[in-house]
Amino acid sequence: MDRRRFFTKSLATGLIFSSMPSFAGTLAQKQKLFRIVHITDTHIFPSDKVEHAMSRLMNEISQMKEKPDFVLHTGDHIMDSLDNSKDRVAKLWEAWTEYFKNKLTYPMYACIGNHDVWGWSMEDDSVKSDPMFGKAWAISMLGLSDRYYSFENKGWKFICLDSSYYLEEKHTYTAKLDEEQFNWLQKELKDTNTKTPVCVVSHIPILSASVFYHGDNAKSGDWQVPGAWMHIDSKEIKNLFYQYPNVKVALSGHMHLIDKTEYLNVNYHCNGAACGAWWKGKFQEFEPTYAVIDFFSDGTVNTELIPY
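Spelled out as structure tokens, the structure:
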């Protein structure tokens, strides 16, 4: 198997930006605590090709010699429900259940992706009155207690955010935490023991280098990064993280590109897409990929990106 290591081959897998050095601690203090599998952007729909690829992926992770504690899926589970009929979205979730959920042999934690949200891009007002409109359908299918939540695992705390913010008048979304969620995040960090390392998880990156290469976003002569590609409230979230040095890692997907961006001692990992270019091979330089991440006692992680 062609295994590409994230840190040793960064030129092949993305950019590394850093604003200041980080100090991982001594080897004596560093102990591996657990491993997870990070999958993102499966974009599942009924298709023999997708079923075959997902079967290969699920078999591969189920046969790992060192078993992960859980699978973390950071959203866009299904191809698209923003602008599809209820019947079509039901078929997408049925395929997701058959190809992914029923074959998963590990516990799963999940984020809601923008494409998991039903009806936001539809102009039919009757859709808004349906109880499954918006994120309700995804919350139900993913078995979530709420659209954002936290949990702990073997000395680490994970905070799973809801990135997609509804712009109702424009029938679209941007990447932003609503006021209620931001206040909750503040309280979560405040209430967390300062010695507990924190991993923040979102579908859309809070900070990413790859947003500059996603499309033709320099044609005006200035860089233009849409709010749908990276959190528009990134600076506010960065300022919050800076108050809590135990925030160590942020994981995301969404871009279908891969990068690791270090800023103020937080490592932001945008870990590619399981579907590559929406099941059409590579997206730019990046093949369909999943990540295996080891978490250590000193607040560091090691990420291996694996094309499959």
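Numbering (the working numbering), first residue to last: 960 to 1267.
Just so it is clear, CB atoms sit at the ideal spot from N, CA and C, and this is done for glycine as well.
Predicted model only: the values in this text are computed from it and were never measured.
With DSSP as the reference, identify every bridge partner of Pro1266, one or two as the case may be. Looking at the DSSP output, Pro1266 bridges to Thr1248.
May I ask you to list the residues that DSSP assigns as paired with Lys991? Answer is Phe1255, bridged to Lys991.
Identity of the residue in Val1157, Gly1231, Pro1247 nearest Leu1199 by Cα: By alpha-carbon distance to Leu1199, the top candidate from Val1157, Gly1231, Pro1247 is Val1157.
Beta-carbon proximity list for Gly1072, same chain, < 6 Å, skipping 5 on both sides: Cβ contact annotation for Gly1072 (same chain, cutoff 6 Å, sequence separation greater than five): Gly1034, Asp1035, His1162, in chain order.
Euclidean distance between Cα positions of Ser1088 and Gly1078: Going from the Cα of Ser1088 to the Cα of Gly1078 covers about 11 Å.
Candidates Lys1008, Met1067, Lys1239, Lys1146: which alpha carbon is nearest Asn1112's? Put simply, of Lys1008, Met1067, Lys1239, Lys1146 the residue whose alpha carbon is nearest the alpha carbon of Asn1112 is Met1067.
Is Asn1152 buried or exposed, if buried means 16 or more other CB atoms sit within 10 Å of its CB? Flag for Asn1152 reads exposed.
How many angstroms separate the CA atom of Trp1115 from the CA atom of Gly1258? Looking at the two C-alpha atoms, the distance is approximately 8 Å.
If I measure Cβ to Cβ from Ser1085 and keep anything under 6 Å in the same chain, skipping five residues before and after, which residues do I get? Excluding positions up to five away in sequence, the list is empty.
Is Leu1120 helix, strand or coil by DSSP? Looking at Leu1120 - three-state DSSP - the assignment turns out to be coil, as it is neither helix nor strand.
For Tyr1065 versus Ile1003, is the C-beta distance shorter than 8 Å? Result no, Cβ atoms of Tyr1065 and Ile1003 do not sit closer than 8 Å.
From Gly1240, Asp1192, Ala1168, Ala1069, pick the residue whose C-alpha is nearest to that of Ser1109; which is it? Per the Cα distances, Ala1069.
Less than 7 Å separating the Cβ of Val1009 from some heavy atom of the ligand ZN? In terms of ligand content, the structure shown is empty, and the ligand ZN therefore cannot be addressed.
How many Å lie between Asp1083 and Val1225 at the Cα? Going by the C-alpha atoms only, they are around 42 Å apart.
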